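Visitor:
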Amino acid sequence: MIKTILFDVDGVLLSEEHYFDASALTVWELLISNNYLGLAPEKFKTDYSAAEIKTIRENVFGKNDEVLKLMKSRGLNANWDMIYLFFGNQLIHLLSQIKEMEHERISSWLQEPINRETLLDIGRVLHNYSVNTDFNLFIAEFEQSKETKQELFNYLNQLAEEKLCVQTTIFSGIGALWCVCEHTSQEWYVGDENVQKSTGKPSVQLGKKGFLANETTLAAKDEIDALFTFLNESGLTIGIGTGRPELETIQPFHHLDWLKHFDVNQIVTADDVLKAEKELMERRSLSKPDPFTYIMGLNGRETSVETCLNTSLPIENGEEVLVVGDSLADLLAARKMGCQFAAVLTGLSGKDARSDFEKHDADYILDSVLDLKNIIGEK
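Numbering follows our numbering, with no gaps: position 80 of the sequence shown is 80.
1) Only counting the same chain, and skipping five residues up and downstream in sequence, which positions put a Cβ closer than 6 Å to that of GLU246?
2) DSSP three-state label for THR419, please.
3) Kindly indicate the opening and closing residues of the alpha helix (DSSP H) around GLN158.
4) Considering only residues of the same chain and omitting the five flanking positions on each side of THR216, which have a CB-CB separation below 6 Å?
5) Could you say which of GLU147, ALA176, ASN64 and TRP188 lies nearest to TRP109 if we only look at CA atoms?
6) State buried or exposed for TYR129, treating a residue as buried only when at least 16 other CB atoms are found within 10 Å of its CB.
7) Tell me the rounded alpha-carbon separation between LEU370 and GLU17.
8) Out of GLN196, LYS336, GLY300 and ASN374, state which residue places its alpha-carbon closest to the alpha-carbon of LEU319.
9) Which residue from TYR155, VAL125, ARG124 and GLN150 puts its Cα closest to that of PHE138?
10) Locate the beta strand (DSSP E) running through GLN340, then write down its first and last residues.
11) Roughly how many angstroms lie between the CA atoms of GLU147 and ARG74, to the nearest whole one?
12) Rounded to the nearest angstrom, what separates ALA40 and TYR19 at their Cα positions?
13) Just to confirm before moving on: does the CB-CB distance between ILE83 and CYS179 stay below 8 Å?
14) My assumption, with CB atoms under 8 Å, is that LEU37 sits in contact with GLY123. Please give the rounded CB distance.
15) Nearest CA to the CA of PHE7: which residue from ILE267, ASP290, HIS183 and VAL195?
16) Note the first and the last residue of the continuous alpha helix (DSSP H) segment covering VAL459.
17) Is it true that the region 255 to 263 meets the region 219 to 231, where meeting means three or more beta-carbon pairs spaced less than 8 Å apart?
18) Could you check if LEU119 belongs to the surroundings of the ligand ATP, using beta carbon to heavy atom distance under 7 Å?
19) Starting from THR4 and walking both ways along the beta strand (DSSP E), at which residues does that stretch end?
20) So, is THR133 buried or exposed, given that buried needs 16 or more other C-beta atoms within 10 angstroms?
21) Would you check if the distance between the CB atom of LEU366 and the CB atom of CYS339 is smaller than 8 Å?
22) From ALA333 to ILE295, what distance separates their C-alpha atoms?
23) From LYS163 to SER96, what distance separates their C-alpha atoms?
24) So LEU331 and PHE357 are in contact, right, with Cβ under 8 Å, and what is the actual spacing, rounded?
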């Protein structure tokens with residue numbers, strides 16, 4: 001009997017589309033803006049139209065988001081990770097075009113953390129040569145690998161050795177370059193007004209309005225509200241385990257009047273995960289498909305990181321917990337916990353994801369999160 005339901009947010013309750021827009025704009029800015037590599041500063045601005053954003057996203061991630069779908073199929077769930085992986089691949093490609101002339105510099109760059117100052121230095125050197133980006137390269141190179149999630153970062157090190165003849169571990173884990181990607185992405189998503197609150201740092205580039213005020217629900221707002229009411233009245237505990245930061249979770253839930261259904265102690269966000277990662281002795285990711293997000297969502301945010309990390313898996317009475325998500329990363333996290341999993345077909349791949357969820361034996365496959373009512377009604 002299900003007693004607790006833990007929801008992912010993006011692709012389940014709220015649309016991911018603006019996150020993917022922000023991701024594409026981030027890659028675009030890191031490549032062309034004078035604040036970073038500066039390959040084509042004349043093409044950079046902070047107020048692209050919807051049509052321009054669509055074109056940039058199609059150029060970067062493919063007409064049908066093929067790049068994003070490949071990452072999702074490998075268990076990658078966080079947009080920041082996707083940005084980092086894609087930009088890291090492009091950075092290696094750009095450096096490969098100057099390796100004969102600049103091997104010593106490249107070797108030096110890849111032995112120390114790659115921060116914004118390093119990117120500016122790399123950009124100044126690239127400016128002396130004729131180099132080109134190749135957005136088709138990602139799928140061609142990463143389809144050859146079998147890596148998933150964290151190992152995908154390590155695969156960048158392998159590509160660096162193969163293409164640059166430099167041994168490095170610089171791309172593993174959450175490092176300086178990942179943080180640059182994350183901060184630039186937050187500028188695009190939350191806008192000037194919220195960057196300091198979201199990241200603790202000021203904007204590098206002002207002038208971005210953000211997408212935060214334009215959230216789209218994946219079913220009618222009132223119908224989702226009624227679902228939460230039904231679950232509460234059925235005696236279930238409901239919680240959130242999302243890759244969104246706290247600001248981008250709490251603020252929309254407040255505007256939608258959904259917060260009243262939740263104990264905020266059981267709303268776990270990317271901020272909680274990042275905080276936990278900083279407490280680790282070694283550099284490693286705790287984002288999905290690592291089950292940490294859902295373990296903390298189940299136990300509550302007041303539970304110590306150590307307790308969550310030391311939780312025996314599969315958990316006791318796992319059949320009483322239902323994880324609701326739209327991605328393979330959510331499913332894998334639920335499986336590690338020994339929980340039930342309901343796949344919702346409103347994520348990036350839509351109904352095309354059904355076959356993947358069937359292959360991985362999802363307990364339930366739902367066209368909409370609203371169909372949860374039928375599952376609980378059967379119990």
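Quick reminder that beta carbons are idealized off the backbone N, C-alpha and C, glycines included.
Small disclaimer: the values here were computed from a predicted structure and weren't measured.
Guide: On the basis of the data shown:
1) These residues qualify, in order along the chain: THR269 and ASP271.
2) The structure shown has nothing for residue 419, since the chain only spans 1 to 379.
3) Following the DSSP letters along the chain, one finds GLN158 inside the alpha helix (DSSP H) bounded by residues 150 to 164.
4) Residues of the same chain with a CB within less than 6 Å of the CB of THR216, apart from the 5 flanking positions on each side, are SER15 in chain order.
5) TRP109 has its Cα closest to that of ALA176, out of GLU147, ALA176, ASN64 and TRP188.
6) The residue in question, TYR129, is exposed, as its Cβ has fewer than 16 Cβ neighbours within 10 Å.
7) Rounded to whole angstroms, LEU370 and GLU17 show a C-alpha spacing of 20 Å.
8) Rather than Leu, the amino acid found at residue 319 in this sequence is Glu. Nearest option by C-alpha distance: LYS336.
9) Measuring from the Cα of PHE138, the nearest candidate turns out to be TYR155.
10) It spans 340 to 344 - the beta strand (DSSP E) in which GLN340 sits, taken as one unbroken run.
11) In a straight line, the C-alpha of GLU147 is about 7 Å away from that of ARG74.
12) Each residue's alpha carbon lies about 24 Å from the other.
13) CYS179 is positioned such that its CB atom lies no closer than 8 Å to that of ILE83.
14) About 4 Å; that satisfies the 8 Å criterion.
15) Per the Cα distances, ILE267.
16) There is no way to answer for residue 459, as the model of the chain reaches only from 1 to 379.
17) Touching, per the Cβ criterion.
18) Questions concerning the ligand ATP fall outside what the structure shown contains, since it holds no ligand whatsoever.
19) Its beta strand (DSSP E) spans residues 4 to 7.
20) Buried, because 16 or more other Cβ atoms sit within 10 Å of the Cβ of THR133.
21) The answer is no: Cβ separation not under 8 Å.
22) Rounded to whole angstroms, the gap between the alpha carbons of ALA333 and ILE295 is 9 Å.
23) Near 6 Å, if we compare the C-alpha coordinates of SER96 and LYS163.
24) Going by Cβ atoms, the distance from LEU331 to PHE357 rounds to 7 Å, so yes, they are a contact pair.
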